[in-house]
Amino acid sequence: MTSLVTTVTETLRYRGQLGQWSWVLHRVSGLGTVLFLILHVIDTSWAAFYPKDYEQAIREYQSPLFTVGEFLLVACVVYHAFNGLRIILLDYKPAWWAYQRRAATLVFVATLLVLAPTFILMVGHVLDFYGEEGRDIAGLDEIIETQAQFFIGFIVILVGALILSALFGLIARSRATFDLPGRLEAALWSFMRLSGLLILPLVFGHLAMMHVIQGVFDITGSGIGIIGTDVINQSGKAVEFVGQRWDMLVVGVAIWRVYDGLLLALVVLHGFNGLRGVVNDYTHPPLVNRALNYAIIFGAIALIVVGMAALLAGVDETAYRIAEDLTASAS
Ligand code: HEM
Ligand code: HEM
Numbered sequence: 064m065t066s067l068v069t070t071v072t073e074t075l076r077y078r079g080q081l082g083q084w085s086w087v088l089h090r091v092s093g094l095g096t097v098l099f100l101i102l103h104v105i106d107t108s109w110a111a112f113y114p115k116d117y118e119q120a121i122r123e124y125q126s127p128l129f130t131v132g133e134f135l136l137v138a139c140v141v142y143h144a145f146n147g148l149r150i151i152l153l154d155y156k157p158a159w160w161a162y163q164r165r166a167a168t169l170v171f172v173a174t175l176l177v178l179a180p181t182f183i184l185m186v187g188h189v190l191d192f193y194g195e196e197g198r199d200i201a202g203l204d205e206i207i208e209t210q211a212q213f214f215i216g217f218i219v220i221l222v223g224a225l226i227l228s229a230l231f232g233l234i235a236r237s238r239a240t241f242d243l244p245g246r247l248e249a250a251l252w253s254f255m256r257l258s259g260l261l262i263l264p265l266v267f268g269h270l271a272m273m274h275v276i277q278g279v280f281d282i283t284g285s286g287i288g289i290i291g292t293d294v295i296n297q298s299g300k301a302v303e304f305v306g307q308r309w310d311m312l313v314v315g316v317a318i319w320r321v322y323d324g325l326l327l328a329l330v331v332l333h334g335f336n337g338l339r340g341v342v343n344d345y346t347h348p349p350l351v352n353r354a355l356n357y358a359i360i361f362g363a364i365a366l367i368v369v370g371m372a373a374l375l376a377g378v379d380e381t382a383y384r385i386a387e388d389l390t391a392s393a394s
């Protein structure tokens, strides 16, 4: 906790120190994206297992609150990606540290250059959607109800992890924090760099499809071609959008399932290992430190299992009808 306070106060005190701000922004943007990722992978699995809930989740993504969040998310991913590249380059070319201030400025400039046209296109999607009358927009009460379930889930996992940590402390008579062997830490350090490089094209491609070429609003566009496929979304249901993408075959390979599977594994391992680093920086009491590490390891495994299960299960065509029934009963 003291170190968290120090991070905040020192950052404010060192006003104008670009390196310090880059470090904080990299951390905040990484953590923000991880938070979104947890909700997003669970939501996406509903397309396969709870089609009605998936329709509702996408309705909420299309609400004004999430629309603002979507702009922030894109800014986080773009900044984090460019700054991550800077970190990787400087780690492998320490001689370039002499130019690190210039490199940090370049990252801000590159981020703005990419965000400007991206945001213009995204605003276009927003105006198209909200410009049409009679839209069924999710209310704040519905959003709070859905997000409360996630919040309760987080609390349950944290309490479970605290109990496990206390039991471990009692049985093993341990007052130690959760430390990985040095060799594994070194391998994870390299993994963070390698995975960052691999994630970059995957996540930018995903964002281009879901925000720029089409928008989050086109996921429920009836009669609109589905990005990355040669079919049209007949029902205008989000589950049909996902189902058709996952069923799209190129030379017998379900390319979007493979793509999403790679993205899922890399982004969860990278994001949760990053989260572990941040947690270990700020939590030193062994009971809490072990509990948070257990929760992170459990969370990463659970998320990969849930996401992969959805990819393997795919979306049944009856799900389209279930989703259609939902709309029919609502109107
Ligand atoms: C609001 C922004 C986003 C939207 C609207 C969106 C939309 C979608 C959709 C429709 C799918 C279903 C599969 C498909 O059609 O390919 C999906 C899957 C996925 N997305 Fe996103 N995405 C967004 C942002 C992100 C970001 C920033 C990440 C990475 C940090 C990400 C990671 C994933 C992963 C890993 C899957 C596969 C999940 C699974 O296997 O269950 N998405 N996304
Ligand atoms: C798009 C390409 C990406 C690149 C090039 C990249 C690169 C990096 C690098 C180099 C680090 C520093 C690792 C270290 O200090 O050991 C890092 C940390 C981190 N990354 Fe990424 N990353 C990317 C995407 C993501 C995504 C999509 C997420 C979220 C799911 C994420 C979450 C994090 C977190 C939480 C940290 C720890 C931050 C800290 O310790 O301050 N990254 N990333």
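Mapped onto my numbering, the consecutive letters of the sequence shown carry residue numbers 64 to 394. Ideal Cβ placement from N, Cα and C applies to all residues, glycine included. These numbers were taken from a predicted model, which means no experiment stands behind them.
### Query
What residues match up with Val316 in a beta bridge as DSSP calls it?
Here residue 316 refers to the residue found at position 253 when the sequence shown is read from its first residue. Answer is Val313.
### Where Ile105 falls: helix, strand or coil (DSSP)
Translated into the one-based positions of the sequence shown, residue 105 becomes position 42. Shown here, Ile105 sits in a helix according to DSSP, grouped into three states.
### Task
Could you check if Tyr77 is buried or exposed, using at least 16 other CB atoms within 10 Å of its CB as the buried criterion?
Mapped onto the sequence shown, residue 77 falls at position 14. Residue placement at Tyr77 is poorly supported in this model, since its pLDDT is 49, which falls under 50; the coordinates are not used for a value here.
### Message
I want to check one thing, is the minimum distance from the CB of Gly147 to the heavy atoms of ligand 2 below 7 Å?
### Response
The count along the sequence shown starts at 1 and reaches residue 147 at position 84. Residue side-chain check: Gly147 places its Cβ nearer than 7 Å to a non-hydrogen atom of ligand 2.
### Message
Contact defined as beta carbons within less than 8 Å: I believe Leu325 pairs with Ala144. What is the distance between those atoms, to the nearest angstrom?
### Response
To locate residue 325, count along the sequence shown from 1; it is residue 262. To locate residue 144, count along the sequence shown from 1; it is residue 81. 16 Å between Cβ atoms; not a contact.
### Task
Reducing DSSP to helix, strand and coil, say where Ile295 ends up.
Within the sequence shown, the letter at position 232 stands for residue 295. The answer is strand: DSSP assigns Ile295 an E or B state.
### Query
Should Ala111 go down as buried or exposed, given a rule of 16 or more other Cβ atoms within 10 Å for buried?
In the sequence shown, the residue the question calls residue 111 occupies position 48. Burial of Ala111 is indicated by the presence of at least 16 other C-beta atoms within 10 angstroms of its C-beta.
### Heavy atom of ligand 2 within 7 Å of Tyr370 beta-carbon
Stepping through the sequence shown from its first residue, residue 370 is reached at position 307. Here the sequence assigns Gly to residue 370, which means Tyr is not the residue at that position. Outside the cutoff, so no.
### Query
Could you give the distance in angstroms between the alpha-carbon of Val219 and the alpha-carbon of Gly132?
Here residue 219 refers to the residue found at position 156 of the sequence shown. Here residue 132 refers to the residue found at position 69 of the sequence shown. Going from the Cα of Val219 to the Cα of Gly132 covers about 25 Å.
### Query
Is there contact between the segment 293-304 and the segment 381-388, where contact requires at least three CB pairs shorter than 8 Å?
These segments touch.
### Task
Indicate, with yes or no, if ligand 2 has a heavy atom lying under 7 Å from the CB of Arg246.
Translated into positions along the sequence shown, residue 246 becomes position 183. Arg246: no, Cβ never under 7 Å from ligand 2.
#### Entry: Leu375 to Ser285 span [Cα, whole Å]
As a position in the sequence shown, residue 375 is number 312, starting the count at 1. As a position in the sequence shown, residue 285 is number 222, starting the count at 1. The alpha-carbon of Leu375 is positioned some 26 Å away from that of Ser285.
### Message
Comparing C-alpha positions only, which one of Ser237, Gln307, Val104 and Gly340 sits nearest to Ile282?
### Response
In the sequence shown, the residue the question calls residue 282 occupies position 219. It is Gln307 whose Cα lies nearest to the Cα of Ile282.
#### Entry: Leu251 vs Asn356 beta-carbon contact at 8 Å
For this step, residue 251 is matched to residue 188 along the sequence shown. For this step, residue 356 is matched to residue 293 along the sequence shown. Against a cut-off of 8 Å, the Cβ pair of Asn356 and Leu251 comes out as no contact.
### Task
Assign Gly337 to one of three DSSP states: helix, strand, or coil.
On the sequence shown, residue 337 is found 274 positions in, with the first residue counted as 1. Here Gly337 sits in helix by DSSP.
### Query
Is Gly202 helix, strand or coil when you go by DSSP?
In the sequence shown, counting from the first residue as 1, residue 202 sits at position 139. In this structure, Gly202 counts as coil in the three-state DSSP scheme.
#### Entry: Inter-residue Cα distance where the pair is Ser394 and Leu312
Translated into positions along the sequence shown, residue 394 becomes position 331. Translated into positions along the sequence shown, residue 312 becomes position 249. Because the pLDDT at Ser394 is just 49, under 50, the model does not fix this residue reliably, and the point stays unresolved.
### Message
Between Ile105 and Val369, how many whole angstroms is the CB-CB distance? I'm expecting something under 8 Å.
### Response
For the purposes of this step, residue 105 is taken as the residue at position 42 of the sequence shown. For the purposes of this step, residue 369 is taken as the residue at position 306 of the sequence shown. At roughly 6 Å, the Cβ-Cβ gap stays under 8 Å, so Ile105 and Val369 are in contact.
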